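First up is the structure itself, then whatever we jot down about it.
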Ligand code: PHE
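Numbering (the working numbering), first residue to last: 6 to 349.
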């Protein structure tokens with residue numbers, strides 16, 4: 006290799022050394038090895054007398070250029086490392102250590118179920134609606150056909166703020182708010198938080214519900230059954246069987262509860278020898294409350310019960326998620342343990 010080529014190669018060589026040097030001390034070693042009295046530049050220059058006198062000026066000029074560049078590179082890296090050492094001293098942490106890879110988050114199972122259910126109903130033409138969590142007694146109870154002293158108020162352990170303001174115990178007050186602010190026909194789906202004075206292994210003071218409401222001319226119980234069957238099969242699988250049992254809610258008449266065939270044991274009531282823990286051997290699990298909107302509710306929102314009919318339903322989101330994903334413990338939803346959440 007010619008002396009000129011050897012001189013030029015000093016630049017990439019020094020660059021590599023400078024990147025490796027992580028302290029001012031290592032930097033000094035690199036400087037001595039390259040630019041020092043016995044360094045690589047000096048060793049090349051010591052061979053200058055081997056050249057013919059006519060070749061020497063060109064090599065001498067190249068050596069000066071290279072030396073300037075090498076000195077620049079040294080100064081640059083020195084400034085960088087000095088700044089880094091300052092930062093190290095000031096903050097007590099080593100900014101030259103490799104970083105920790107950020108952990109990718111995932112969506113909460115409650116969110117996943119809400120999104121899935123709202124998607125299904127939006128596909129059927131429903132609009133998503135919402136209402137306040139701190140609610141007036143009027144919307145939570147009175148307009149839903151539960152006047153003061155109505156025994157059905159005891160079905161729900163209410164958290165009161167004042168004697169007329171409370172934490173909503175269900176998403177049904179949004180039925181009243183929606184109907185009061187709009188004219189029929191309408192179809193809404195309402196996800197949201199609800200609150201009850203209840204806390205044990207299977208109850209938390211806050212949980213999520215989804216309310217559905219459809220109002221129009223000639224809306225029928227058959228449509229309620231059809232809609233809820235399609236929806237439940239969408240969430241739990243096409244092979245799911247759905248049945249409706251008579252029930253009671255003050256704001257629907259007639260009222261029903263829907264059961265689905267147990268998605269844990271496939272409706273058999275047992276898995277192998279053991280009685281299914283989830284459906285307790287019956288093969289069915291309760292999944293939602295529903296019914297035809299009571300005429301008294303239409304009257305409190307100013308709709309004419311002779312003109313319109315409607316159906317409504319409400320279900321617990323955590324309950325759906327427990328059945329759908331086979332989660333055994335309700336408390337998992339509220340502990341925010343990253344190992345639990347990462348599974349969805
Ligand atoms: N709001 C009722 C509950 O929380 C559920 C429901 C909603 C029932 C709509 C019928 C109609 O238990």
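Just so it is clear, CB atoms sit at the ideal spot from N, CA and C, and this is done for glycine as well. The structure displayed is predicted, hence computed values, not measured ones.
query                                                                                                     : result
Residue span of the beta strand (DSSP E) that contains residue 196, given as start and end                : 191-200
With 16 other Cβ atoms within 10 Å as the buried cut-off, status of residue 241                           : buried
Same chain only: Cβ atoms within 8 Å of residue 72, ignoring 5 sequence neighbours per side               : 40 and 46
Cβ-based burial, residue 206 [other Cβ within 10 Å; buried from 16]                                       : exposed
Three-state class that DSSP yields for residue 161 in the structure shown                                 : coil
Counterpart residues of residue 208 in DSSP-defined beta bridges                                          : 205
Residue burial classification, residue 114 (beta-carbon count within 10 angstroms, cutoff 16)             : buried
Alpha-carbon spacing of residue 254 relative to residue 104, whole angstroms                              : 57 Å
Residue from 306, 232 and 329 with nearest C-alpha to residue 316                                         : 232
Any non-hydrogen atom of the ligand PHE closer than 7 Å to residue 98 Cβ                                  : no
Option nearest residue 135 by Cα separation, candidates 213, 149 and 208                                  : 213
Proximity below 8 Å, CB of residue 320 to CB of residue 194                                               : no
Those residues which DSSP pairs with residue 319 across a bridge                                          : 216 and 294
Residue 92: CB within 7 Å of a non-hydrogen atom of the ligand PHE                                        : no
Residues near residue 20 by beta carbon distance below 7 Å, same chain, minus five either side            : 78
Beta-carbon proximity list for residue 331, same chain, < 7 Å, skipping 5 on both sides                   : 269
Proximity below 8 Å, CB of residue 224 to CB of residue 314                                               : yes
Distance CB(residue 149)-CB(residue 318) smaller than 8 Å                                                 : no
For residue 263, three-class secondary structure by DSSP                                                  : strand
Euclidean distance between Cα positions of residue 271 and residue 110                                    : 32 Å
Validate contact between the stretch 168-188 and the stretch 271-290 using beta carbons, cut 8 Å, 3 pairs : no
Where the alpha helix (DSSP H) containing residue 114 begins and where it ends                            : 114-128
C-alpha distance - residue 17 paired with residue 97, whole-angstrom precision                            : 33 Å
At least three beta-carbon pairs within less than 8 Å, the stretch 129-144 to the stretch 167-179         : yes
Among 230, 259, 239 and 6, nearest to residue 248 - alpha-carbon criterion                                : 230
In DSSP terms, what residue 140 is bridged to                                                             : 171
Residue(s) in a DSSP beta bridge with residue 132                                                         : 193
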